[in-house]
Amino acid sequence: MKDAVREFLTTNFSEFLVQEENFRDLQSFTIKADGLISIIEGFLANDQLAVNHLSDVTAVDWLDHPEEEKGRFEVIFNLYSIKNRHRFLLKVRLPADNPTIPTLTEHFAGANWTEREVFDLFGVVFEGHPELTKILTPDDLEGHPLRRDFPLTYEVPHFSWNKDLPPEVIK
Amino acid sequence: MEQRSAARGDQVTTTTGETKTVTINMGPQHPSTHGVLRVVVELDGERVISAKPVVGYLHTGIEKTMESKLYHLALPCTDRMDYLNPMGNNLCYSLAVEKLMEIEVPEKVKYARVCLAELTRVNSHLVWLGTHALDLGAMSMLLYAFRERELIVDIYEACGGQRMMTSYIRIGGLAYDLPKDFDKKVRNVVNTIRKRMVDYETLLTNNQIFINRTKGVAVISAEDAINWSLSGPLLRGSGVNYDVRKAQPYSGYEKFDFEVPLGKHGDAYDRYLIRLTEIRQSLRICEQALDGMPEGPYRAHVPGVVLPPKEDVLFKMESMIFHFKIITEGFKAPTGTVYQAVESPKGELGMMITGDGTNKPRRVRVRPPSFINLASLAKLAEGGLFSDVVCAIGSIDIVLGEVDR
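Protein sequences, first through last, are from chains A and B.
So for the first sequence, our numbering puts the first residue at 131; every next one is plus one.
So for the second sequence, our numbering puts the first residue at 966; every next one is plus one.
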């Protein structure tokens, strides 16, 4: 199956393909952001590969790491073929300022919440998403917690003995 | 059934003659939402026009916390996500780190892990069965289910000293050796639950009230289920044969003989039957694991990565040095991304761990089955009756600790 997926991508979408990796037996392709929609549509139209399950959408922040020069944010689409029992990743590198990527909600209904989560926690904007709002963090929280420059903090809980003190956040 | 569908066509007419819809909040404090889940329901009389789940009330930033910890110190965070499936979460994280560090564990560890993971599946399904039946009005089922669950948490306590947040399955093996009477205890549980399954069937499977509440309710077709990225009993209830244990075996599941039940109609009743059958199959796997359990060490011998057994630390110089080094500075993982999926009771639980050459993970992504399955509530509840929203939430089987992480 690995060869079939590779062949499909190299013959049809070689202009979008950046790199293939096989780390610990997990096939992953780094592609360009503008080729994402056509590649996904190509997979959905191909009955032999039968890649129809978008298991997950997530991201990695490569701030302050040698990998950062390829693009700070790495958005990962986890695709699975139930018929062929094959899993592979599609990775897209996005720059640090204004990371945007087209949405997959028109092709996969399940992408709705996972993309919202990536938007909420990383600040990656999915263009064309029907409802791109916060999903996990509170409405009054500023910033995107899973970015590496977002500090880990501890907020002192309020009890009866300190209820009159101002809120205290320890970094 | 005809009467029900007729009721679905009704519209509310106000005194002035115009039709109106009502939007109400269900939750976050509501007994049938199994935690703090809010559902914004738009109603036309008793009919649901749209249901929108709102989550995030339990968000504690577990993924962020795990990024700031050494690899082996991040393990206890995993228990606290799906607290009904602690062993399964430990197993998934351990397998992912073992894949990243290329650790091969002893055979005994594999069998013990399978046995514990299946007991955990029974545990989670029992709690689901009790609470789901309670939502639909069968009070006594809850008491029976928790009585049986007690036997399983007793085994956890004997193994790891904890009843819920076990952290028993560790990177490279187990925290301690299995207790001496493990075999006897598990067989006792298997036999007891197998006998009592007959009682559950008598109570629910042919119960006309239960059938009326679940048959033809919260239906999702196979195409929609795949399109919504569902997994677990929710996907198999629609007839899609996808079980991670069969599709991509881990921890030696390929050696076990078990069946994957599939549904036909994709409704709440099919999911109930599937989970009941899964309990039976899990008990079968437990017995096979006990029969085939080999002798051997309970932890892999990988100096510098896996903690040496405690009894060695006290008497051997090298073990003590490695123990000290791992506890204080951990181990360095290579740069790269691994993905490990396991079949949790809720569906496909995945851990995507990205190493970056340091002793802490760059990113730990949990693919939460409850979170992704819960998104489909909008689809399941649409067009049904308001009381069926409760049935739909129950049949998805969510744990809010995992939804919000």
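From the three backbone atoms N, C-alpha and C, an ideal C-beta is built for every residue, glycine too.
query	result
I want to see whether chain A comes within less than 8 angstroms of HIS999 (chain B), judged by CB atoms only; does it?	no
Would you call GLU1105 (chain B) buried or exposed, if buried means 16 or more other Cβ atoms sit within 10 Å of its Cβ?	Checking the sequence shown, residue 1105 (chain B) turns out to be Ser, not Glu. SER1105 (chain B) is exposed by the Cβ-count criterion.
With the cut-off set at 8 angstroms, would you say MET1316 (chain B) and THR1302 (chain B) are in Cβ contact?	no
Between which two residues does the beta strand (DSSP E) harbouring LYS264 (chain A) extend?	Looking at the DSSP string, LYS264 (chain A) is not in any beta strand (DSSP E), and its letter there is neither H nor E.
I'd like the ranges of any alpha helix (DSSP H) spanning at least 4 consecutive residues and lying wholly in the region 1115-1181 of chain B.	1147-1165 and 1173-1179
Can you find the residues in the same chain that come closer than 6 angstroms, C-beta to C-beta, to VAL255 (chain A), ignoring five residues on each side of it along the sequence?	THR230
Write down the C-beta distance between GLY1269 (chain B) and PHE1280 (chain B) rounded to the nearest angstrom, noting that I regard them as a contact closer than 8 angstroms.	The pair is not a contact, with the Cβ atoms about 19 angstroms apart (cut-off 8 angstroms).
Within this structure, are the beta carbons of GLU1063 (chain B) and GLY1137 (chain B) separated by less than 8 angstroms?	yes
List the endpoints of the continuous alpha helix (DSSP H) containing ARG1201 (chain B).	1198-1201
By DSSP, does ASP975 (chain B) sit in helix, in strand, or in coil?	Legend: pLDDT at ASP975 (chain B) = 49, less than 50; position of this residue unreliable, value from coordinates given subsequently. In this structure, ASP975 (chain B) counts as coil in the three-state DSSP scheme.
Would you list, in chain order, the members of the region 216-232 of chain A that have their beta-carbon closer than 8 angstroms to a beta-carbon of chain D?	Absent here is chain D; the protein component of the structure consists of chains A and B.
Helix, strand or coil, according to DSSP, for VAL354 (chain A) in the structure here?	The structure shown has nothing for residue 354 (chain A), since chain A only spans 131 to 301.
For LYS1311 (chain B), decide whether its Cβ has a neighbour in chain A, counting only Cβ atoms nearer than 8 angstroms.	no
Express the C-alpha separation of MET1258 (chain B) and GLU245 (chain A) in angstroms, rounding to a whole number.	43 angstroms
I want to know whether the region 178-196 of chain A touches the region 145-155 of chain A - three or more CB-CB distances under 8 angstroms.	no
For the putative contact between LEU1255 (chain B) and VAL1087 (chain B), defined by C-beta atoms under 8 angstroms, what is the C-beta separation to the nearest angstrom?	About 14 angstroms separates the two Cβ atoms, so there is no contact after all.
Who does ASP1009 (chain B) pair with in a DSSP beta bridge?	B:ARG1012
Could you pull the start and end residues of the alpha helix (DSSP H) that LYS221 (chain A) belongs to?	Premise fails: LYS221 (chain A) lies in the beta strand (DSSP E), 216-224, not in any alpha helix (DSSP H).
Which of helix, strand or coil does DSSP assign to GLY1231 (chain B)?	coil
According to DSSP, is THR1030 (chain B) helix, strand or coil?	helix
Going by DSSP, what residue range makes up the alpha helix (DSSP H) through LEU1371 (chain B)?	Not covered by the structure: residue 1371 (chain B). The range shown for chain B is 966 to 1370.
Note down, in chain order, every chain B residue with its Cβ under 8 angstroms from the Cβ of ASP279 (chain A).	Simply none; closest approach about 12 angstroms.
Using three-state DSSP, classify SER1360 (chain B) as helix, strand or coil.	helix
Alpha carbon to alpha carbon, what distance is there between MET991 (chain B) and SER1132 (chain B)?	34 angstroms
Look up VAL1001 (chain B) in the DSSP assignment and say whether it is helix, strand or coil.	strand
In terms of residue numbering, what span does the beta strand (DSSP E) encompassing GLY1312 (chain B) cover?	1312-1320
Looking only at its own chain, which residues have a Cβ that is under 6 angstroms from the Cβ of ASP250 (chain A), when we skip the five neighbours before and after it?	LYS264, ILE265, LEU266 and THR267
Using a beta-carbon distance cut-off of less than 8 angstroms, what residues from the region 1084-1102 of chain B approach chain A?	none
Which residues in chain B have a C-beta closer than 8 angstroms to the C-beta of LEU266 (chain A)? List them in chain order.	VAL1020, GLY1021, HIS1024, ASP1369 and ARG1370
Along the alpha helix (DSSP H) that carries PHE207 (chain A), what are the first and last residues, could you check?	It is not in any alpha helix (DSSP H) - PHE207 (chain A) instead sits in the beta strand (DSSP E) that spans 203-211.
Could you pull the DSSP bridge partners for LEU156 (chain A) from this structure?	A:PHE153
If you measure between the beta carbons of TYR1036 (chain B) and PHE1289 (chain B), is that distance less than 8 angstroms?	no
Is it the case that the region 1236-1246 of chain B contacts the region 1188-1196 of chain B, given that we only count it when at least three CB pairs across the two stretches are under 8 angstroms?	no
For the beta strand (DSSP E) containing ALA991 (chain B), list its first residue and its last residue.	The question names Ala, but residue 991 (chain B) in the sequence shown is Met. Its beta strand (DSSP E) spans residues 987-991.
Spell out a yes or no on whether the region 209-225 of chain A and the region 1336-1352 of chain B are touching, meaning 3 or more CB-CB pairs, one atom from each, closer than 8 angstroms.	no
Where does GLU298 (chain A) sit, in a helix, a strand or coil, going by DSSP?	coil
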